[in-house]
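Undergrad:
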Amino acid sequence: MPLFRYEALDRTGKKVVGAMDVADEQTLSSRLSGMGYRPVTVIPAQRVLRPAVLPQAGQVTVPRSQVAAQQASGPSWTQQGAGAGSRLTVSERTLARTCHQLHIALKAGMPVYQAVSTVANQVPEATMRRVLAELAAGIRDGHVLSGLMARYPRVFTPGDLGMIRAAEMAGFLPEAFGTLAAQHEQDDNTQRRLAIWQWFFHINVGSFFLFIPAALCVKTMISALASSGTAPGADPVAEGLRTAGWGLLWISLPLLLVYFGALFVFGKVRRNPGFAYGWHRFLLRVPVVNRINYLRANAAFA
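Start counting the sequence shown at 0; every next residue gets the next number (numbering that gives the first Met the number 0).
Written out as structure tokens, the structure reads:
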């Protein structure tokens with residue numbers, strides 16, 4: 000791809016000069032806009048001219064003060080090991096708060112790198128701090144924010160990526176993060192409202208498993224009372240308690256462990272994009288629930 004030199008202004012009005020390997024001038028302008036810069040001049044560069052001055056392809060030249068801060072901030076994005084398909088996960092509430100903070104920072108006029116770096120130092124959750132730190136390192140190395148976010152499929156949904164990608168191209172990145180903050184906050188509130196009914200269902204299932212030993216105890220006591228005439232000296236209560244203990248140890252407890260273990264595993268794999276796709280397809284086919292999920296999916300898409 001050809002090399003283009005450019006001059007741009009950040010949100011504070013400071014001049015930024017650099018070079019980048021892109022297909023055409025429009026692609027370069029889109030990338031600069033996504034990084035928080037406003038292009039002023041874009042010209043094709045000759046690789047044979049002043050090669051010692053030009054930065055490496057795909058990188059951005061920033062002011063010296065910012066370079067010093069970048070060097071002190073730690074290793075590059077690739078050195079931090081952020082590969083495709085990261086397994087890091089965060090809660091809906093954490094993601095909503097992070098998007099809201101990014102919305103405020105970008106709306107205040109911060110460049111994308113500065114906004115992400117600032118928010119990374121403010122969020123209390125260690126996992127979200129790591130994600131933002133790796134995003135900031137990738138932006139510093141010349142990558143696009145939406146492309147970096149795609150490497151965290153358990154944190155950012157495909158809808159999040161589509162919104163940010165469109166915002167980078169159209170120039171409404173602060174508003175996009177504001178919309179994502181409102182959407183994830185609504186999702187978190189919905190989950191919290193449904194949590195009481197979910198726990199009610201789980202408690203009922205657990206009570207059913209615990210009811211099995213009680214039913215076995217009553218059955219054994221009735222059988223012991225019925226046969227007391229033929230077998231004098233039998234203690235119906237002792238027989239019933241013995242049967243109840245056996246049922247609790249070998250039936251109820253294993254069933255409880257399997258049930259709650261399955262819930263734990265489901266909570267972990269629910270963030271997997273491939274599993275989530277099949278899960279939502281299943282929900283759209285379940286009677287009654289399918290209508291609710293259909294309306295929710297349309298609202299998220301819109």
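For glycine and all other residues, C-beta sits at the position ideal for the given N, C-alpha and C.
Please state whether DSSP places Y5 in a helix, a strand or coil.
TA: In the structure shown, Y5 sits in a strand (DSSP, three-state: E or B).
Undergrad: Looking at the unbroken alpha helix (DSSP H) that takes in V39, where does it start and where does it end?
TA: From DSSP, V39 is part of no alpha helix (DSSP H) but of the beta strand (DSSP E) over 37-43.
Undergrad: Would the segment 133-141 count as touching the segment 211-218 if we require 3 or more Cβ pairs under 8 angstroms?
TA: Verdict: no, contact absent.
Undergrad: Quick check: what's the CA-CA separation for A166 versus V288?
TA: Rounded to whole angstroms, A166 to V288 spans 33 angstroms at the Cα level.
Undergrad: May I ask which residues mark the beginning and end of the alpha helix (DSSP H) holding I202?
TA: That run of the alpha helix (DSSP H) goes 172-225.
Undergrad: Where does V285 fall in DSSP's three states?
TA: Looking at V285 - three-state DSSP - the assignment turns out to be coil, as it is neither helix nor strand.
Undergrad: Beta-carbon separation of V115 and Q100 under 7 angstroms?
TA: Taking 7 angstroms as the Cβ cut-off, V115 and Q100 do not qualify as a contacting pair.
Undergrad: Looking at the structure shown, is M19 part of a helix, part of a strand, or coil, going by DSSP?
TA: In the structure shown, M19 sits in a strand (DSSP, three-state: E or B).
Undergrad: Please classify G12 as buried or exposed, where buried requires at least 16 other C-beta atoms within 10 Å of its C-beta.
TA: Burial call: exposed.
Undergrad: Should V111 and M168 be called a contact, given that it needs their Cβ atoms to be closer than 7 angstroms?
TA: No, they are not a contact pair.
Undergrad: Leaving aside the five residues before and after F274 along the sequence, list all residues of the same chain whose C-beta is less than 7 angstroms from its C-beta, in chain order.
TA: Cβ within range, chain order: V268.
Undergrad: Taking 7 angstroms as the cut-off, decide whether the C-beta atoms of E6 and T40 are in contact.
TA: Yes.
Undergrad: Among the candidates V122, Y36, Q121, V204, whose CA atom is the shortest distance from the CA of H143?
TA: First, the residue type needs correcting, since residue 143 is Val and not His in the sequence shown. Checked all of V122, Y36, Q121, V204; the closest Cα to V143 is Y36.
Undergrad: Excluding the 5 residues preceding and the 5 following D9 in the sequence, name in chain order all residues of the same chain whose CB lies nearer than 7 angstroms to its CB.
TA: V15, G35, Y36, P110.
Undergrad: Using the Cβ count rule (16 or more neighbours within 10 Å means buried), how would you classify V154?
TA: Under this definition V154 is a buried residue.
Undergrad: So if DSSP puts K14 in a beta bridge, which residue, or which two residues, is it bridged to?
TA: DSSP lists L8 as partners of K14.
Undergrad: Mark P1 as exposed unless 16 or more other C-beta atoms lie within 10 angstroms of its C-beta, in which case mark it buried.
TA: Burial call: exposed.
Undergrad: To the nearest whole angstrom, what separates the beta carbons of L94 and Y151, a pair I think is in contact under 8 angstroms?
TA: Going by Cβ atoms, the distance from L94 to Y151 rounds to 10 angstroms, so no, they are not a contact pair.
Undergrad: Taking the beta carbon of L304 as the centre, do at least 16 other beta carbons fall within 10 Å, making it buried, or is it exposed?
TA: Lying outside 0 to 301, the shown extent of the chain, residue 304 is not represented and no answer is given.
Undergrad: Threshold first: 4 residues or longer. Then list the alpha helix (DSSP H) segments lying entirely within the segment 93-141, N to C.
TA: Runs of the alpha helix (DSSP H) inside the segment 93-141: 111-119, 125-139.
Undergrad: Cα separation between P173 and I103?
TA: The alpha-carbon atoms of P173 and I103 are separated by roughly 7 angstroms.
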